[in-house]
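For the sequence shown, UniProt numbering assigns the number 1 to the initial residue and increments by one for each residue that follows.
Idealized CB from N, CA, C, for every residue including glycine.
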Amino acid sequence: MLRTTTGGVHSEEVLLMLPERSALKRNVNRVQNSSRPLNLTSMRGVELPMNYTMTKRGEPFLMHDSGAEDEERVLIFPPQENVRLLSASATLFCDGTFKTAPTQFAQLFTVHGVVLGYPVPLVYALTTRKREQTYRYVYQRIIDYAEERNWSINPSLCMMDFELANMNAIRSLLLNAENKDCLFHFSQSLWRRISSWGLACSYNAVESATRRCASMLFDLPFVPAEDVVETFEYVDNQAEESLDDLMDYVKRTYVTGRPPMFPPQTWNVYRAVLNDQRSTNNAAEGWHNKFQKVMVVHHPSIWKFIEVLKGEQEDNEQAIAQVLGGHRQVRPATSRRCRQNQAQITEVVNNYGTYKAND
Numbered sequence: 001m002l003r004t005t006t007g008g009v010h011s012e013e014v015l016l017m018l019p020e021r022s023a024l025k026r027n028v029n030r031v032q033n034s035s036r037p038l039n040l041t042s043m044r045g046v047e048l049p050m051n052y053t054m055t056k057r058g059e060p061f062l063m064h065d066s067g068a069e070d071e072e073r074v075l076i077f078p079p080q081e082n083v084r085l086l087s088a089s090a091t092l093f094c095d096g097t098f099k100t101a102p103t104q105f106a107q108l109f110t111v112h113g114v115v116l117g118y119p120v121p122l123v124y125a126l127t128t129r130k131r132e133q134t135y136r137y138v139y140q141r142i143i144d145y146a147e148e149r150n151w152s153i154n155p156s157l158c159m160m161d162f163e164l165a166n167m168n169a170i171r172s173l174l175l176n177a178e179n180k181d182c183l184f185h186f187s188q189s190l191w192r193r194i195s196s197w198g199l200a201c202s203y204n205a206v207e208s209a210t211r212r213c214a215s216m217l218f219d220l221p222f223v224p225a226e227d228v229v230e231t232f233e234y235v236d237n238q239a240e241e242s243l244d245d246l247m248d249y250v251k252r253t254y255v256t257g258r259p260p261m262f263p264p265q266t267w268n269v270y271r272a273v274l275n276d277q278r279s280t281n282n283a284a285e286g287w288h289n290k291f292q293k294v295m296v297v298h299h300p301s302i303w304k305f306i307e308v309l310k311g312e313q314e315d316n317e318q319a320i321a322q323v324l325g326g327h328r329q330v331r332p333a334t335s336r337r338c339r340q341n342q343a344q345i346t347e348v349v350n351n352y353g354t355y356k357a358n359d
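Structure (C-alpha cells):
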C-alpha cells in the first residue's frame, strides 16, 4: 500500500516533507489494523464477518465452515467458478504449508488444477489437523459442493508430496485418480539421508563408489515400475558396506517393505516422462512460496490472511481470464537449462529398452 500511495510522488520538496518511511509504514499498519476485528487466540465461537466470506468482486468465497464450536475447525475457500474449473481438470496438485497459516490453524492446504496447461490454485483450506480424516473431510466437502451443481471431481492424476494421510484420503474418495508423489521430494528425501549419515563428502567425490551407487538410486524413478525391484537389487549388490543404512532405508520405504510406505507406482515417473506429464509438485510449491512473500509475516492473524488471500484470488481470476483469452505470456516461462535437462531425461527414458538389451 505504501508503494502504491507514494509511487507517483517525484517532487523532492514533497518527499522531504513526508515522514520517514518507517513512520509511514507504522501509520499504514495502524490504520489497517484498526479496521480489522480483534486478533484472536482461538477460533472457538468466532463467526466470520460477511466481508471476510466474499471475494473482492462480491461473490461468495467461503464455501464451507465446519462451525464456530468445532474444536477441529476447517475453513474452505473456493468461489463457485474455481470448483467448476477443478471439476474440468484431469490433474490435481495438492500441497500444504504451515508458515502462512493463521496462528489458530495447523496448515494452509491448497488444491491446484490445470486450465489450458496453466496450473492455478483453486481451493484453499485452513485446517487445525493434518490427519487422514481431515483430508477426507476437505475433499468430501468439495465433492459434495460440485455434485450439488451437477459437476464431478474425477481427476486421473493427483500429485502430492509424500503425505501419507493425504494419499490415503484421495485413495478412498477419488477412485479413478492415480496418486503420484513428487519426484523432487523423492530426491530430497534421499539427499537428507545421505547427509545425515555422513555420506555427503564421499558422494561429492566425482569418482567415488558412493556417488555411483547413490546416483543410481536417484535414477530409480525413471526406470519402468515393473523393473524397479530388479534394478534396486542390482544397485544393492554393488553398494559398499558404508551404504547399508541408506540401502535398507530405500528398500523398506520405497521398494519392497511389507508393504513399502510409498510403493514404486506412487513415485515412478517413467510413464509420465513418456507421456510428457508433470512429475513434480513445483506448481503448488511455487504458489506457496509466492504467497509467503506476499504475506510477509509467518502465522498472520486470520483477518490479514483472508485479506491477502482475497487479493491472490483476484490475481488468479485475472490470470485465468487471460489464459482462456489466449494470452501465452501468462504461462510461467521455462528456463533453457530446464528444457535441456528435460530433453536429456526424455531421450534416456525413450531409449531405456535399448540400454537394457545391451546391458
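Q | DSSP three-state assignment for N268, whether helix, strand or coil | A | coil
**Q.** Rounded separation between S87 and W287 - CA only
**A.** 20 Å
Q: Counting only the same chain and skipping the five closest in sequence on each side, list residues whose C-beta sits under 8 Å from that of G311.
A: K56, V294
**Q.** Rounded distance between the beta-carbons of V74 and T127, thought under 8 Å
**A.** 5 Å
Q. Looking only at C-alpha atoms, which of F186, F105, T346, A169 sits nearest to F162?
A. F186
Q.
Using a Cβ distance threshold of 8 Å, determine whether the stretch 148 to 166 contacts the stretch 233 to 241, with at least three qualifying pairs required.
A. no
Q. If we call anything under 8 Å between Cβ atoms a contact, is H112 one with L85?
A. no
Q: Measure how close the beta-carbons of residue 360 and F218 come, nearest whole angstrom, since I'm counting them as under 8 Å.
A: Missing from the structure shown is residue 360; the chain here goes from 1 to 359 and no further.
(Q) Distance check for E207 and K130, CA to CA, integer angstroms please. (A) 43 Å
Q: In the DSSP assignment, find the beta strand (DSSP E) that holds E178 and state where it starts and stops.
A: 178 to 181
Q: Please classify F109: is it buried, with 16 or more other beta-carbons within 10 angstroms of its beta-carbon, or exposed?
A: buried
Q) So, helix, strand or coil for L116, using DSSP? A) coil
(Q) Could you tell me the alpha carbon to alpha carbon distance between A272 and T41, rounded to whole angstroms? (A) 45 Å
Q. Quick check: the stretch 187 to 196 against the stretch 241 to 260, are there 3 or more CB pairs under 8 Å?
A. yes
Q. Leaving out five residues before and five after I306 in sequence, what residues of the same chain have Cβ atoms less than 7 Å from its Cβ?
A. Y52
Q: Taking only the alpha-carbon atoms, compute the straight-line gap between S202 and Y234 and give it to the nearest angstrom.
A: 21 Å
**Q.** Which listed residue (R336, L116, M54) has its alpha carbon closest to that of Q322
**A.** L116
Q. Comparing alpha-carbon positions, which option in A200, G198, Y139, E147 lies nearest R171?
A. Y139
Q) Sorted by chain position, which residues of the same chain lie with C-beta nearer than 6 Å to M167's C-beta, five sequence neighbours on each side aside? A) N179
Q: Name the two residues that bound the continuous beta strand (DSSP E) containing T97.
A: 91 to 97
Q. Does DSSP classify V9 as helix, strand or coil?
A. Because V9 sits at a pLDDT of 49, beneath the cut-off of 50, its placement in the model cannot be relied upon, and the point is left open.
Q.
On the CB-based measure, 16 or more other CB atoms within 10 Å of its CB, does T100 come out buried or exposed?
A. buried
Q.
Out of Q80, E72, A68, A205, which one is the CA nearest neighbour of L62?
A. Q80
Q. Helix, strand or coil: which one does DSSP assign to A225?
A. helix
Q: Write down every uninterrupted run of the alpha helix (DSSP H) in the stretch 288 to 339 whose length is 4 residues or greater and which is fully enclosed by it, in chain order.
A: 302 to 324
Q) Taking buried to mean at least 16 other C-beta atoms within 10 Å of its own C-beta, is S89 buried or exposed? A) buried
Q | Nearest candidate by alpha-carbon position, reference P78, set V123, D144, A106 | A | V123
Q) Out of V296, R328, F291, which has the shortest C-alpha to C-alpha gap to Q313? A) F291
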